[in-house]
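Trainee:
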Amino acid sequence: MASQFFPILVILALALFVGFFVVVLGTIFGPRRPTARKSSPYESGMVPYGPGTRRMSVRYYLVGVLFILFDIEVVFVLPWAVVFRELGMPGLVLMIVFLVVLEVAFVYAWKKGALEWE
Amino acid sequence: MTPVMVVFGLLGVVVILTALGMLLSRNAIYSALFLVLNFATVAVLYIILGAPFISLVQITVYAGSIMVMFLFVIMLLGAERLPGSDRLRRQRWIAAILGLVFVAQVILFIFFRGQLTAPVGTPPATLGSPQAVGTTLFTTYALPFEVTGAILVVATVGAILLTRGAALPYSPIRKEEK
Amino acid sequence: MTAMDWLVILPVLVLSGWALTVLLVDLWIPAKYKFITPLLTVLGLVVTLGLSLSKFGNPQSAFNGMVVVDGFAIFLDFIFLVSGLGAVALAYRYLRRMGIERCEYYSLLMFSISGMMLMTYANDLIMVFLALELLSIPLYVLAGFVRMEVRSEEAALKYFLLGAFSSGFVLYGIGLIFGATSHTELPAVAAAVGKSSANLPMFIVGAALLLVGFGFKQAAVPFHMWSPDVYQGAPSSVTAFMSIGAKAAGFAALMRVFVAAFPSLSADMSWVLWALSALTMIAGNVIAIAQTNIKRLLAYSSIAQTGYLLMAFVPYGNNQVLGDTVAAMLFYLLAYMLTTLGAWAVIIAVEKNGGEGLELKDYAGLGRRHPLLGAAMTIFMVSLIGVPPTLGFWGKFYLFRTALEGGFVWLALIGLLTSLVSAYYYLRVVVIMYMQAGEPETADDLWLRLVALTCAAAVVLLAFMPGSVLSLAVRAVLQIL
């Protein structure tokens, strides 16, 4: 069972290797002449001020919640998609009902302006 | 001792270490990143255990959206750095004692397992594949599936209702009580 | 799965579909015509009630036994739907009066009732869990949808966090039971345990975790900590609905799961339930004495009622008395529903914005100034103590009788003594209403008066024919699949 996923392991290893390799190459061959200004955090050319972290708007939170909810929807669609030929008509109807129900949530979110930033 | 078991054991160590890292890290962002690594490693464990669908859910839902949510919350609260002093120091002892009780329970549990008279049954090897999950979900568990849709709608409405819209002028608590 | 399966659960399909429709339609109703939304809600609830009652006497199961629509389920559905109608009537003018009219209230209410109905149908642990979530999540939102008062929001957050925690207990319990028996269908779980092909320690741990989760929903001591704060912080019409619906749903789950799946555990679990019941009765009634806020008073009173209801489950492994105890529980829930709904109608009539009109002293003179409301409140208080001629008396009478039949004399005695204690704080409300001078203003709200007077009439009139109500409950129990 797990051996099916061996190619994915290879890709993962490769990705890790490339990531490390580039950084290592840069450290070995790149010139390094740090000055005080160069070492300071980069803030689009501005002089940085205040703490690097500040409170974010609660709206991000709403976006995050909506993202989770629709992400879970996708989780249900995937196992349906792999067997939907075998399921036939009943499976299609089930999924359509499920999606229509969730579209109600979507319409509600849209109409209430939850998708707008103001 | 097959190679897969060795990998499983190593990953198990990674899971425990990342969990500890998450708990002990004084910086909430580091904790969150440890948690991401923990989720990803557990996803690999699921694959080894023959549950690729669960693994996929683990990656998309937990390591993906729930972690995004955690990071938003950390940034929303501005709680990257925990305060140095620990106000819950007294509760630590209680926690440690309860933890020991739990360990004792697990040990007792392992002893009690001798009472098991018959094996509970071995699941077929393809039990956790997306195909098997799909077939079961859309035939036997059709009703729970649709109920899940309703729950997701309620959650969406609730999230929007509780974060949007003007504050309402109602108070069930009297002024002088506050 | 065929079309027939869906027809069996038609009432809940209609209700949840209608909840979705109302949610959607409300988005396009202009502010001037918002009264349409509660009207539509009432329509949906009444149609569902009709569909549900039409199935009485014809028990069916569907989805390979995952859900059963039997007399027990329909009797409880009646309680849920009527309390839902009550919650609409209580809220209709109240929400506007308090300036908190948000029409999601109505669709969330319907979703919650759908979850409660599914809970009564559920014959599979997965359905039990999903129904629990579908009924709880709307309640978390309803408890906190008034976003202004810090303490009110704190109550909602507390409810949500502890509720999520208890859902976790339920889920963990289900997981352990599945691990121990490799089944989630309740009859199959019972069969696996009966054949002792299950991992018994794991199974017992799972069952105990389920008991914790359900105890939270019912607000049984020691899982009751949330309820006084939440009852006080939530808008009163939500509290009224929550104190009936969530509690009854918790009992529906306890009944389905413990009676159907865990009969073999009764020797061990019976004493746990005994202790829970006794503790809940004592703590609820004793703490209630110290309350001066009417919402908190009723919160502790409802905790105490949980204790009396739990009494019905103590002899649950004893098949000879099981039918009687469940029937007595259904009867008591009906009495509790009518009494509580009416009492909350009076409370909402006296309540004013800013938390005014919620102290006991605000009731001074209510009996003389508003004789009808005062008389109704007196009837509710008397019924909650369990004194004739009220439905509450018969409810306690049947419960205590079944406890005696099951051989739990001490429990019945504790019930009786705590009822005596409760007389003190219930009668204090009556004394304040009639003996103390005051000029309380009440809201000019026809619907509240209608609910209060209907409930008061029902509590008194039904008390003159307890036998026929009980025989309905017995018929419902006999149809259990």
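Protein chains in written order, with the numbering used here: chain P, 1 to 118; chain Y, 1001 to 1178; chain S, 2001 to 2481. Note that the Cβ used here is the ideal one computed from N, Cα and C, for glycine as well. A quick note: this is a predicted structure, and the numbers were derived from the prediction, not measured.
#1: Pull up the CB-CB distance for A2220/S and L2132/S, whole angstroms please, since I reckon it's below 8 Å.
#2: For F6/P, count neighbouring Cβ atoms within 10 angstroms of its own Cβ and tell me buried if that reaches 16, exposed if not.
#3: Could you have a look at N2293/S and say whether DSSP puts it in helix, strand or coil?
#4: Hey, quick one: how far does the beta strand (DSSP E) through S2061/S stretch, first residue to last?
#5: In chain order, what residues of the same chain have a beta carbon less than 8 Å from the beta carbon of A2327/S, not counting five sequence neighbours either side?
#6: Listing by chain order, which chain P residues have their CB less than 8 Å from the CB of L2024/S?
#7: Using a 10 Å radius around the Cβ and a threshold of 16 neighbouring Cβ atoms, would you call G30/P buried or exposed?
#8: Quick check on the DSSP output: the alpha helix (DSSP H) that includes V2069/S runs from which residue to which?
#9: What residue range is occupied by the uninterrupted alpha helix (DSSP H) comprising P2222/S?
#10: Strictly below 7 Å CB to CB, what residues from chain C border L2020/S?
#11: Taking a cut of 9 Å between CB atoms, which residues from the region 2107-2119 of chain S lie near chain Y?
#12: Just by C-beta distance, which residues in the region 1123-1152 of chain Y are closer than 8 Å to chain S?
#13: Out of I72/P, V63/P, L66/P and Y61/P, which has the shortest C-alpha to C-alpha gap to Q1058/Y?
#14: Mapping the DSSP letters down to three states, classify N1027/Y as helix, strand or coil.
#15: E2153/S by DSSP, collapsed to three states: which one?
#16: Give the interface partners of L2130/S over in chain Y, defined as CB-CB distance under 8 Å, in chain order.
#17: Helix, strand or coil for A2122/S per DSSP?
#18: Relative to the C-alpha of G2392/S, which residue among V2259/S, L2334/S and G2086/S is closest?
#19: Where M1069/Y and S2167/S are concerned, what is the direct C-alpha to C-alpha distance, given to the nearest angstrom?
#20: May I ask you to report which of helix, strand or coil DSSP gives E2104/S?
#21: Using a 10 Å radius around the Cβ and a threshold of 16 neighbouring Cβ atoms, would you call G19/P buried or exposed?
#22: Please look up how many angstroms separate the CB atoms of T2339/S and F2380/S, rounded, as I've assumed it's under 8 Å.
#23: Which residues in chain S have a C-beta closer than 7 Å to the C-beta of K122/P? List them in chain order.
#24: When you compare the CB positions of G2342/S and G2084/S, do they come within less than 9 Å of one another, or not?
#25: Taking the CB atoms as reference points, tell me whether P1003/Y and P1052/Y lie closer together than 9 Å.
#26: Please determine, among L2200/S, T2325/S, M2433/S and T2306/S, the residue with the shortest C-alpha to C-alpha distance to K2217/S.
#27: Note down, one range per segment and in chain order, each alpha helix (DSSP H) of at least 4 residues found wholly within the region 2232-2308 of chain S.
#28: How should T2280/S be labelled, buried or exposed, when 16 other C-beta atoms within 10 angstroms of its C-beta is the threshold for buried?
#29: Give the interface partners of R1164/Y over in chain P, defined as CB-CB distance under 8 Å, in chain order.
#30: Measure how close the beta-carbons of V2022/S and G2044/S come, nearest whole angstrom, since I'm counting them as under 8 Å.
#31: Compare the Cα-Cα distances from V1154/Y to each of F84/P, M46/P, F70/P and S44/P and report the closest residue.
#32: Taking the Cβ atom as the reference point for each residue, do Y2092/S and P2038/S lie within a distance shorter than 9 Å?
#33: In chain order, what residues of the same chain lie with their CB nearer than 7 Å to the CB of A2312/S, ignoring the 5 residues before and after it?
#34: Along chain Y, in chain order, which residues have C-beta atoms closer than 7 Å to that of W80/P?
#35: From the beta carbon of V1006/Y, is the nearest beta carbon of chain P less than 9 Å away?
#36: State the beta-bridge partners of K2352/S as determined by DSSP.
Mentor: Checking against the coordinates, here is how it stands:
#1: Taking the third sequence and counting its residues from 1, one reaches residue 2220/S at position 220. Taking the third sequence and counting its residues from 1, one reaches residue 2132/S at position 132. Not really, about 15 Å apart at Cβ, beyond 8 Å.
#2: Reading the first sequence from its first residue, position 6 is the one you call residue 6/P. When all chains shown are included, F6/P counts as exposed.
#3: Walking along the third sequence from the start, residue 2293/S turns up at place 293. Three-state DSSP puts N2293/S in a strand.
#4: As a working note, residue 2061/S is residue 61 in the third sequence. Here the beta strand (DSSP E) through S2061/S covers Q2060 to A2062.
#5: Here residue 2327/S refers to the residue found at position 327 when the third sequence is read from its first residue. Excluding sequence neighbours, A2327/S sits near Y2398, L2470, A2473, V2474, A2476 and V2477.
#6: Your numbering for residue 2024/S matches position 24 in the third sequence. Near L2024/S (Cβ distances below 8 Å), the residues of chain P are V104, V107 and Y108.
#7: Taking the first sequence and counting its residues from 1, one reaches residue 30/P at position 30. It is exposed - the Cβ of G30/P has fewer than 16 other Cβ atoms within 10 Å.
#8: Within the third sequence, the letter at position 69 stands for residue 2069/S. Premise fails: V2069/S lies in the beta strand (DSSP E), V2067 to V2069, not in any alpha helix (DSSP H).
#9: Within the third sequence, residue 2222/S is the residue found at index 222, counting from 1. Note, P2222/S: premise wrong, no alpha helix (DSSP H); not H, not E.
#10: Looking at the structure shown, chain C is missing, and the protein chains on hand are P, Y and S.
#11: S2107, L2108, F2111, S2112, S2114, G2115 and L2118
#12: T1139, T1140, Y1141, A1142, L1143, P1144, V1147, T1148, A1150 and I1151
#13: Taking the first residue of the second sequence as position 1, residue 1058/Y is located at position 58. It is I72/P whose Cα lies nearest to the Cα of Q1058/Y.
#14: Sequence index remark: in the second sequence, residue 1027/Y carries index 27 (1-based). Of the three classes helix, strand and coil, the one that applies to N1027/Y here is strand, per DSSP.
#15: The count along the third sequence starts at 1 and reaches residue 2153/S at position 153. Note: E2153/S maps to helix in three-state DSSP.
#16: For the purposes of this step, residue 2130/S is identified with residue 130 of the third sequence, where counting begins at 1. Under the 8 Å cutoff, chain Y gives P1144, V1147, T1148 and I1151.
#17: As a working mapping, residue 2122/S is identified with position 122 in the third sequence. Three-state DSSP puts A2122/S in a strand.
#18: As a working mapping, residue 2392/S is identified with position 392 in the third sequence. Among V2259/S, L2334/S and G2086/S, the Cα nearest to that of G2392/S belongs to L2334/S.
#19: Position 69 of the second sequence, counting from 1, holds the residue named residue 1069/Y. Position 167 of the third sequence, counting from 1, holds the residue named residue 2167/S. Going by the C-alpha atoms only, they are around 20 Å apart.
#20: Residue 2104/S sits at position 104 when you count from the first residue of the third sequence. In this structure, E2104/S counts as helix in the three-state DSSP scheme.
#21: Indexing the first sequence from 1 puts residue 19/P at position 19. G19/P should be labelled exposed.
#22: Here residue 2339/S is taken as the residue at index 339 of the third sequence, counted from 1. Here residue 2380/S is taken as the residue at index 380 of the third sequence, counted from 1. Yes, they are in contact, since the Cβ atoms of T2339/S and F2380/S sit about 5 Å apart, within 8 Å.
#23: Because chain P in this structure spans residues 1 to 118, residue 122/P falls outside the shown range and cannot be described.
#24: Locating residue 2342/S in the third sequence gives position 342, counting from the first residue. Locating residue 2084/S in the third sequence gives position 84, counting from the first residue. No, Cβ-Cβ distance for G2342/S and G2084/S is not below 9 Å.
#25: Against the second sequence, residue 1003/Y aligns to sequence position 3. Against the second sequence, residue 1052/Y aligns to sequence position 52. No, they are not a contact pair.
#26: Mapped onto the third sequence, residue 2217/S falls at position 217. The shortest Cα separation from K2217/S among L2200/S, T2325/S, M2433/S and T2306/S belongs to T2306/S.
#27: 2236-2254 and 2266-2289
#28: To locate residue 2280/S, count along the third sequence from 1; it is residue 280. Per the 10 Å Cβ criterion, buried.
#29: Residue mapping note: residue 1164/Y aligns to position 164 of the second sequence, counting from 1. Under the 8 Å cutoff, chain P gives L62, K112, G113 and A114.
#30: As a first step, residue 2022/S must be located in the third sequence, where it is residue number 22. As a first step, residue 2044/S must be located in the third sequence, where it is residue number 44. 7 Å between Cβ atoms; contact.
#31: One-based indexing of the second sequence puts residue 1154/Y at position 154. Among F84/P, M46/P, F70/P and S44/P, the Cα nearest to that of V1154/Y is on F70/P.
#32: For the purposes of this step, residue 2092/S is taken as residue 92 along the third sequence, with counting starting at 1. For the purposes of this step, residue 2038/S is taken as residue 38 along the third sequence, with counting starting at 1. Yes, Cβ-Cβ distance for Y2092/S and P2038/S is below 9 Å.
#33: Residue mapping note: residue 2312/S aligns to position 312 of the third sequence, counting from 1. Closer than 7 Å at the Cβ level, and outside the excluded window around A2312/S, lie T2325, V2326, A2328, M2329, L2399 and T2402.
#34: If you number the first sequence from 1, residue 80/P lands on position 80. Result: G1134 and F1138.
#35: What you label residue 1006/Y is simply residue 6 of the second sequence in a count that begins at 1. For V1006/Y, the answer is no, since every Cβ of chain P falls outside 9 Å of its Cβ.
#36: In the third sequence, counting from the first residue as 1, residue 2352/S sits at position 352. Partner(s): E2356/S.
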